[in-house]
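Trainee:
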Amino acid sequence: MSTAERSTTRPGSTPNRRSRQNFETWSWFFMRISGLILFFLALIHFSLTHIFHDVTTTTVSFVAKRWANPFWRVFDWLLLALGLLHGTNGLRFIMDDYVRNPRKRAAVKAFMYVLAVALFVLGTITIVTFKGNLAG
Amino acid sequence: MSPESTLYKGKTGQWAFVLHRVTGFLVLMFLLLHIVDVSMLSFPRIYNEIHALYGNVLMRLFEVGLLFGLVYHALNGLRVIMIDFFPGSIKNEKSVFYSIFSLTILLTIIGGFIILRPFFTGSVH
Numbered sequence: 001m002s003t004a005e006r007s008t009t010r011p012g013s014t015p016n017r018r019s020r021q022n023f024e025t026w027s028w029f030f031m032r033i034s035g036l037i038l039f040f041l042a043l044i045h046f047s048l049t050h051i052f053h054d055v056t057t058t059t060v061s062f063v064a065k066r067w068a069n070p071f072w073r074v075f076d077w078l079l080l081a082l083g084l085l086h087g088t089n090g091l092r093f094i095m096d097d098y099v100r101n102p103r104k105r106a107a108v109k110a111f112m113y114v115l116a117v118a119l120f121v122l123g124t125i126t127i128v129t130f131k132g133n134l135a136g
Numbered sequence: 137m138s139p140e141s142t143l144y145k146g147k148t149g150q151w152a153f154v155l156h157r158v159t160g161f162l163v164l165m166f167l168l169l170h171i172v173d174v175s176m177l178s179f180p181r182i183y184n185e186i187h188a189l190y191g192n193v194l195m196r197l198f199e200v201g202l203l204f205g206l207v208y209h210a211l212n213g214l215r216v217i218m219i220d221f222f223p224g225s226i227k228n229e230k231s232v233f234y235s236i237f238s239l240t241i242l243l244t245i246i247g248g249f250i251i252l253r254p255f256f257t258g259s260v261h
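In order, the protein sequence lines correspond to chains A and B.
Per our numbering, the very first residue in the first sequence carries number 1; after that it's consecutive.
Per our numbering, the very first residue in the second sequence carries number 137; after that it's consecutive.
Have a look at this one:
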């Protein structure tokens with residue numbers, strides 16, 4: 001192995017930085033694409049549950065009727081998944097900007113990721129296991 | 137943060153960015169709350185009680201705020217996508233920001249009227 005080759009594998013050297021740039025490029029691209037999809041998902045969802053129906057009428061039976069159609073389960077699950085990913089990634093930018101202490105930043109991010117994963121699991125279980133009991 | 141570390145010089149782009157960040161954060165906070173309240177579907181009585189609470193005037197005002205945040209973040213996001221993917225497509229940055237902001241206010245007023253109306257008329261459509 002030549003000196004030049006060995007130097008490229010040192011921690012913090014070029015390959016390491018390149019992979020990070022690559023991740024941030026995908027993150028940038030993901031924010032634009034998911035944002036564009038969420039534009040429709042979020043605004044349609046809000047309109048349905050606050051504008052075209054009053055919020056007090058969005059009872060369990062309202063959800064049961066809506067989720068009887070798998071389309072709306074998929075719609076709501078996509079909104080859940082993309083919303084959480086887009087939101088958590090956005091929060092990651094905010095943490096990078098305002099939490100300057102590396103240890104605090106790692107702790108805050110770890111808490112945030114655990115919370116996001118937990119809520120993703122909770123939300124997915126809610127959408128998948130809902131039986132559509134029309135009572136109530 | 138040192139003054140050299142920022143690209144923004146206090147023009148409309150900076151306010152668009154600040155508002156995008158604040159509305160994004162608030163919408164995410166609502167999403168987290170919303171996942172928990174919807175998980176109560178397994179307990180229909182609790183779920184319906186929570187959703188009756190959303191009809192309270194304070195919660196309705198909060199929903200109007202959510203509408204503002206959501207619409208602004210969505211429209212400004214489109215502006216960001218245009219700037220990133222089609223450089224040069226936005227000629228007058230300032231007027232685009234003012235248009236987005238005006239449209240957000242307009243939609244918030246229309247939506248806000250519909251959201252708040254049942255509280256004053258007492259009837260739900």
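We put the beta carbon where it would ideally sit given N, CA and C, even for glycine.
(1) Just curious, the alpha helix (DSSP H) that residue 200 (chain B) is in, first and last residue?
(2) Unbroken alpha helix (DSSP H) runs of length 4 or more, entirely within the stretch 54-128 of chain A: which are they?
(3) Tell me which same chain residues have a C-beta within less than 6 angstroms of the C-beta of residue 244 (chain B), skipping the five on either side of it?
(4) Output needed for residue 42 (chain A): all residues of its chain with C-beta closer than 8 angstroms, excluding positions within five of it in sequence on either side, in chain order.
(5) Here's the rule I'm using: 16 or more other beta-carbon atoms within 10 Å means buried, otherwise exposed. How should residue 33 (chain A) be labelled?
(6) With contact counted as at least three CB pairs below 8 angstroms, one residue from each stretch, are the stretch 65-74 of chain A and the stretch 99-116 of chain A in contact?
(7) Taking residue 232 (chain B) as the reference, give the member of B:208, B:183, B:158, B:186 with the closest Cα.
(8) Classify residue 184 (chain B) as helix, strand or coil using the three-state DSSP reduction.
(9) Output, in chain order, the set of chain A residues within a Cβ distance shorter than 9 angstroms of residue 168 (chain B).
(10) Counting only beta-carbon separations shorter than 8 angstroms, does residue 54 (chain A) have a partner in chain B?
(11) Does DSSP classify residue 234 (chain B) as helix, strand or coil?
(12) Helix, strand or coil, according to DSSP, for residue 1 (chain A) in the structure here?
(13) Helix, strand or coil: which one does DSSP assign to residue 22 (chain A)?
(14) Using a Cβ distance threshold of 8 angstroms, determine whether the stretch 215-229 of chain B contacts the stretch 49-63 of chain A, with at least three qualifying pairs required.
(15) Counting Cβ pairs closer than 8 angstroms, one from the stretch 173-184 of chain B and one from the stretch 150-159 of chain B, do we hit at least three?
Mentor: The short version:
(1) Taking the first residue of the second sequence as position 1, residue 200 (chain B) is located at position 64. Start and end: 193-221.
(2) 60-67, 70-98
(3) As a first step, residue 244 (chain B) must be located in the second sequence, where it is residue number 108. Here the set comprises 203, 204.
(4) Indexing the first sequence from 1 puts residue 42 (chain A) at position 42. These residues qualify, in order along the chain: 79, 83.
(5) Along the first sequence, read from residue 1 onward, the residue named residue 33 (chain A) stands at position 33. Counting Cβ neighbours within 10 Å, residue 33 (chain A) comes out exposed, since fewer than 16 surround it.
(6) no
(7) Walking along the second sequence from the start, residue 232 (chain B) turns up at place 96. Here the closest residue by C-alpha is B:208.
(8) Numbered from 1 along the second sequence, position 48 holds the residue referred to as residue 184 (chain B). Note: residue 184 (chain B) maps to helix in three-state DSSP.
(9) Residue mapping note: residue 168 (chain B) aligns to position 32 of the second sequence, counting from 1. Those within 9 angstroms of residue 168 (chain B) in chain A are 84, 87, 115, 116, 119.
(10) Stepping through the first sequence from its first residue, residue 54 (chain A) is reached at position 54. Answer yes: the Cβ-Cβ gap between residue 54 (chain A) and chain B drops below 8 angstroms somewhere.
(11) Locating residue 234 (chain B) in the second sequence gives position 98, counting from the first residue. DSSP places residue 234 (chain B) in helix when its eight states are reduced to three.
(12) Taking the first sequence and counting its residues from 1, one reaches residue 1 (chain A) at position 1. With a pLDDT of 39 at residue 1 (chain A), under the threshold of 50, the modelled position of this residue cannot be trusted; read the value that follows with caution. Of the three classes helix, strand and coil, the one that applies to residue 1 (chain A) here is coil, per DSSP.
(13) Within the first sequence, numbered from 1, the residue matching residue 22 (chain A) stands at position 22. Note: residue 22 (chain A) maps to helix in three-state DSSP.
(14) no
(15) no
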